[in-house]
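Protein chains in written order, with the numbering used here: chain A, 3 to 508; chain B, -9 to 580; chain C, 2 to 180; chain D, 84 to 186. The beta-carbon is built from N, C-alpha and C at its ideal position, and this holds for glycine as well. Reviewing the structure listed below.
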Amino acid sequence: MDAIRFTWMFAIPLLSSPAIYLAGRLGIHNPNQKGRPNLVRILALLAVIATWVPYIAAVRTFLSGERLEFAVESIWLRADAISLLLALMVLSLGTLVVIFSWSYMADEVGEEKFYAMLLAMMGLMIGLGCASDLFNLWVWFEGMAVSSYLLVAFYREQPASLEAGVKYLVQSATGSVLVLMGIALVLANSGSLDLAALHQNGARWASDHRLVSLAAAGLFIIGFGVKAALVPLHTWLPDAHSQAPSGIRAMLSGVVIEAGLIAMLRALSAIMHPLDWRIILLSFGALNMVFGNLVALRQTILKRMLAYSSLSHIGYILLGIGVSLFAGGEAAAQGAMFHLFTHMLMKGLAFLAAGALIYALYLQNGSHHALLVSDLAGTAQKYPMVALSLSIAVLGLGGLPPLAGFMSKWQIFVGGFSTQNGWIIALMVFMALNSVLSLGYYAPLVNLMYRKTPSDAILAGKPLPSTITLPLIFLAMAVVVLGLAPGLMDWLTAPAAKALLGLFGN
Amino acid sequence: MAGTLSVLLIGLPWLGALLVWLSGDARPKILHILAVGTSVSAGLLSLILLAFAGSQPAVNFKFGGWFGDFTLVADGLGATLAAVACVVGSLAVIYSVDYMQGEAQLRRYYAFILLFIGAMTGLVLSGNLFFTFFFWEITALCSYALISYYNDDPKAVSGGMKALIITQVGGVGLLAGALAAFSNLGSFQIADLLKGATSIPAGLLAFIAYGFLLAAAAKSAQFPFHTWLPDAMEAPTPVSALIHAATMVNAGVYLLARFYPAFAQVPGWTLAVTLVGMLSALTAGLMALTATDLKRALAYSTVSQLGYMVYAIGVGGVFASQFHLLNHAVFKALLFLSAGAVIHSVGTRDMRKMGGLGSKMPFIRNVFIIGALALAGVPIFNGFWSKEFILEAGLKQGPVWAFGFMLFGAGLTAFYTIRMTWLVFYGQPREQLHVHDSGLAMKISTGLLATGALTTWLLAGPLSGLMSGSLPYHAIEPISTINLVMDVLTGAGTWLALIILLVGAGLWVVVQRSPNPIPQAHWFTELMGTFHEELVSSSFGFEWLNQQVVAAVKKSAAVLQKTQTGELNWNILGIIIALLAVLVMLFWGV
Amino acid sequence: MESYLYLILGLAAIVCAYRAMISTRLLSSILYLACVSAMVSVILYLLGAQQVAVIELSVGAGLVTVLMVYALSVVGDDARDLLSVIPKPLAILIVVLSAFFVAIMVFPLVEPPLDVTSFSLTVVLWQQRVLDVWIQIALIFSGVLGVLGLLSEREATPISHTERFADQIVGTSHEEVHS
Amino acid sequence: MNISPLNVVLLVIIGLLAVGIYGLLITRNLIKIVLVLQILVKSAMLALVLAGKVGNNLGLGQSLAATVIVADTVVAVVGLALAVQVRRRFGTLDVADISTLRG
């Protein structure tokens, strides 16, 4: 295959983004817009579907053992298994979000901006996965951030959305400045920015300038950590996740924070030996887990609860990665990669299901009221499909079989116990207890939805269009199928695990 | 053949669950037919499976990844328990046709019962620790969903949560044990663990052994996790009979029995098991003594009887424990189902409001008494033989003090059983209750179970033969039914136990002779009342402990929640503090 | 000698930055920011980065200042002296500690060996790192769309939410009148 | 005390960084927060150029710095737009006043 072809994965969304915007702007002057299908949505859907073509081609090439890499002058773009995993996550969730938003965003002003930004964000995230130059990584990362600012503050007439947008912007801008400082330190001491070259010379220059490389690592951890929502840096997340439009919430929680994590791993892989920072990774993991779960227990707003649960899931993933770096265990690495994917499915499903309810109960009635947990009472009476899929999502997040989350957590556990290290095992037991604790807020949700007396909000709810239920059905089925046959993802998670361990030279 | 049957035993109920869920709530008749059809056919197949039991994996399917091979082993232990689950399950489903008539959201009920039956079979047949855990968690999920079935009732909701959290905390023990075993053996196969136990380092083996004990104690509601089972009685009665008396709570006993050969050498493990069993038998017996809620009284007695089984394993009587497990499943299901018939008829669970119901529901009274006699351990009924067999084992191989306490427990059992029966069926009616006789489906299932309570002890011979033949690591001696009967009848423990039992029964007669035993003032009721309030209602203080744990978690959550100030400057401070912390950690090379 | 020059310029930049931060009037803050930008430009120039110095001077001191003044003219100068939410000693302590740790970890820089041929900005930016530029276009597009999305005023103001904050808006304008 | 010129610049960078971070901690006016972010960006940009100089690749450093200037100007503009909207909806620019989402 022509080496350049895989770059269409991000080129198509990026190029379609302005096209969608222009189509939307021109469409506004069309007086007959009401009766006709909206050009913007169709274009957006076509663009995401078109993106699958280069993606599948890239996967086929990858599986045939060929390397996917391409140089634009001196900057390389390399798609390894991790990039492909991230791209798969972005694409699957992105496609479903576009379908979901078909009706959901139909009445919003600035719909064309929504789709244009969504597509741009998707393209930038897929590109972020392929970046293999430290500064280029930052540019992708910053682009992703800029494209998500508007999406978070999309309901700009809502004061709370603006507030969330402000926090999100300032905190991620602070993080990105710290990343730049780190890049400057790396550049000053090594004279190179190519991740692979840095990794090869890493041992030498890291020992020559040990403290500097550590300082750069610290700056990377914190800088990218803001986006990846490590615990003391997470404060923007609950606000942004609860205020953005539902589809974006799913993207933020399902892919954006994971993209931050992957960017962090890539940057760190270039400059330091994992031994130096695995403890930091594990402590952030433990902190994220316990903080996310405990605070989620007290939430009364569904979206905030789900946002905090994202924190704890990032914690599980961090533990998986930390353990794999600790002992070079492939099981934990694969578990972490698998959990990235299953978390995307489950959290995407949970946020979309919550969004469906918001649409039916509030948006359709012209209100932007927050969906309270107590509003869920009796959902199954009127929206059986939504109730079932939200139940599947949260039970999967809680790690109950036969759902996908159980399987990915199990893989992380296998990795942890295989180290036969007392501390790691204690940490794994702690993770298992946390998982039990998380049932303390997931299980009542399910219970509430199957109550016989519906809440007032449910009674006033409007029917749901099929474009909203379709993504739910699809994701719910994926969660169940992966729970019964977790091996279906091995083709990608196993190479991704190898790539992760390869990044750190283990 | 065994392979096909094993797969069908899991698949058939699950298929039923799926179909039930898909057919919706609109036509309850279809739901009844589907549920009864799939569960009864699973029950029949499970009986056929007994004929094909063997120690080799009946199914071996490469599952891949980090999960090991999916194996199903229909050996004596697994096949027997699978049969118990499927047969009692089908009877409970038949019973539900009457009991759940006209309930809303019936499909949720049937779907979870069928899901449970399949998962329980999978749990006992699985030859792979991962899948044991997999099914273990599904049973917990089903138990939660069914306890909270009446989810408009806050008591049912909190009872379900409690059961879920406690059994899941126990499940962490199973998870940790299974993974620790894997980390050493590189295999999830149970057979490999039993075979390779001696090669595992002592410390690790002890970790696994105690992890499994934790899991078993939580699942079987044993001391100190016994607090969840009484609260689980908010479930519909067939669920209590099936899940919280006959099957799921046995999973803990099953786990201990399954791995007994591997862990018997771990220092202190058998003693710990003995102690857990003994303490559960005693504390639950004492709690049953004063309970006023019929279902809670039965739940306490379940904990107590499970304590006997755990005790039996602790003293090395694996077969005795499984024999009692079988008998207990039959007579306790019988007791629950007939109690359910009473409750369904009179509309209350409070025994103080019942009384004199025997003349109005003669059939139910008769079968209940059969169950009660079996529970009390009166000769001829199945509970007698197995309990005495356990006591024999305890006298021969266990510590004498434990045996003494268990004897005392036998007396307690007799006492509370008679009290329960009397309060419900005899004496003067204490309140005007509208009573109607039970339906046909109820009579069929209780009648079948009553026959079982009279006869299952005859299966002792075949059962021991099956187990000794298919459990290569357990060293179970085959014993014919006649020999078992002779053993029991000539054992010293039996006669001691019978004397204690008579004392217990006699004590009840003395108590109830006095003019007005219940509920007005009487020295005994007063004493019991105080005892009940001070200790029993709090499960000997463990209820308090549970609440403390919950309160501590809530407190820390509230404190952490305060850190989310929502003010941008504080958020930035969080980032900078994290930066400082990371730099410091890196600087000092942590 | 060169050191002193950098030191004076740097100190000037830092002082300006500090003044920009503590100044109670937004307009003077913005002007101080322009000064910082100018100082940084000079430093850049002295370092040999002439092209970037020019860009910084035009964009940092010019464009950003204009934008800020424009924004200020839209929102109005908020002259209230706002007390910090975080206790100042705590803030100072944390900042000093972090700066201290960063300093001892990165200090001193290893001096470069003799100069070797270095490509000019044009070559590097437009040839070697042209990918950065391409992505930058996407980034700028996102930014423009973001501003458009946030500022375009086509929709009718939703009533339910303005009501809630109407009193606040009134309250602030009163304060403005007082000051 | 004999510090080479480039190390003086390094100290200036750290100083600007510290002032910027301190500003983020104590500033409550939203426009000023965007302004303080610009100070941080300037220090980062200076750092990149310095790094280029030290790494013997001043062109590279300049190129990165130019990219950063553009990117962060975009961020600043979006931030200002947000500030304008906040002022319009909340009637205030004080970040402490606009904090309604907490816990």
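For Leu363 (chain A), the enclosing alpha helix (DSSP H) stretches over residues 332 to 363.
The Cβ atoms of Val148 (chain A) and Ser143 (chain C) lie closer than 8 Å to each other.
Going by DSSP, Ala73 (chain A) is part of the beta strand (DSSP E) stretching over 70 to 74. Shown here is that no member of the stretch 393 to 418 of chain A has a Cβ falling below 8 Å from a Cβ of chain D. Of the candidates C:Asp133, C:Ile31, C:Tyr46, the residue whose Cα lies closest to the Cα of Leu10 (chain C) is C:Tyr46. Under the three-state reduction of DSSP output, Leu110 (chain C) falls in the coil class, being neither helix nor strand. From the beta-carbon of Val481 (chain A), no residue of chain B is found nearer than 9 Å; the closest lies around 15 Å away. The beta carbons of Ser311 (chain A) and Leu399 (chain A) sit about 6 Å from each other, so the pair counts as a contact at 8 Å. Close partners of Met575 (chain B) in chain A (Cβ separation under 9 Å): Gly220, Trp279, Ile281, Ile282, Ser285.
Between Thr129 (chain B) and the set B:His216, B:Pro144, B:Phe530, B:Leu113, the nearest pair of CA atoms involves B:Leu113. The criterion of a C-beta distance shorter than 8 Å is satisfied by Trp78 (chain A) and Asp135 (chain A). The C-beta of Arg185 (chain D) comes closer than 8 Å to at least one C-beta of chain B. DSSP, reduced to helix, strand and coil, places Thr411 (chain B) within a helical segment of the structure shown.
Going by DSSP, Arg20 (chain C) is part of the alpha helix (DSSP H) stretching over 3 to 23. DSSP places Pro251 (chain B) in the uninterrupted alpha helix (DSSP H) bounded by 240 to 253. Leu139 (chain A) sits close to Ala265 (chain A), with the two beta carbons spaced by under 8 Å. Burial check for Glu557 (chain B): the Cβ neighbour count within 10 Å reaches 16 or more, so the residue is buried. DSSP places Thr436 (chain B) within a helical segment (H, G or I) once states are collapsed to three. Taking all protein chains shown into account, Ala331 (chain B) has 16 or more neighbouring C-beta atoms within 10 Å of its C-beta and is therefore buried. Of all residues in the stretch 103 to 126 of chain D, the ones placed with a Cβ closer than 8 Å to any Cβ belonging to chain B are Ile104, Leu107, Leu108, Ile109, Thr110, Arg111, Ile116, in chain order. For the stretch 167 to 181 of chain A, the set of positions with a beta-carbon nearer than 7 Å to some beta-carbon of chain D reads Gly167, Val168, Leu171, Val172, Ala175, Thr176, Val179 in chain order. Taking a contact to require three or more Cβ pairs closer than 8 Å, the stretch 124 to 133 of chain A and the stretch 389 to 398 of chain A do not qualify as touching. The straight-line gap separating the alpha-carbon atoms of Val493 (chain B) and Pro369 (chain B) is approximately 15 Å. Sequence-distant Cβ neighbours of Ala482 (chain B) in its own chain, meaning closer than 8 Å and more than five residues away, are Leu385. The continuous beta strand (DSSP E) containing Ala81 (chain A) extends over residues 77 to 81. For the pair Leu354 (chain A) and Ser248 (chain A), the CB atoms are nearer than the 8 Å cut-off.
Secondary structure note for Phe60 (chain B): its beta strand (DSSP E) is the uninterrupted segment 60 to 63.
With respect to chain D, the C-beta atom of Arg130 (chain C) has a partner C-beta closer than 8 Å.
Across the set B:Leu284, B:Val263, B:Tyr139, the C-alpha of B:Val263 shows the shortest separation from the C-alpha of Phe202 (chain B). Ranked by Cα distance from Asp492 (chain A), the options A:Ala13, A:Leu98, A:Gln413 are led by A:Gln413. Each of B:Thr237, B:Tyr290, B:Gln255, B:Phe213 was checked against the Cα of Asp221 (chain B), and the nearest Cα belongs to B:Tyr290.
Taking Leu316 (chain B) as reference, the option from B:Val77, B:Gly6, B:Ala(-8), B:Gly531 with the minimal CA-CA separation is B:Val77.
Taking every protein chain shown into account, the CB of Asp88 (chain B) has 16 or more other CB atoms within 10 angstroms, so this residue is buried. Beyond the five residues adjoining it in sequence on each side, Gln366 (chain A) comes within less than 8 Å, by CB distance, of Gly463, Lys464 in the same chain, given in chain order. By the 16-neighbour rule on beta-carbons within 10 angstroms, His424 (chain B) is exposed. Around the beta carbon of His426 (chain B), fewer than 16 other beta carbons sit within 10 angstroms, so the residue counts as exposed.
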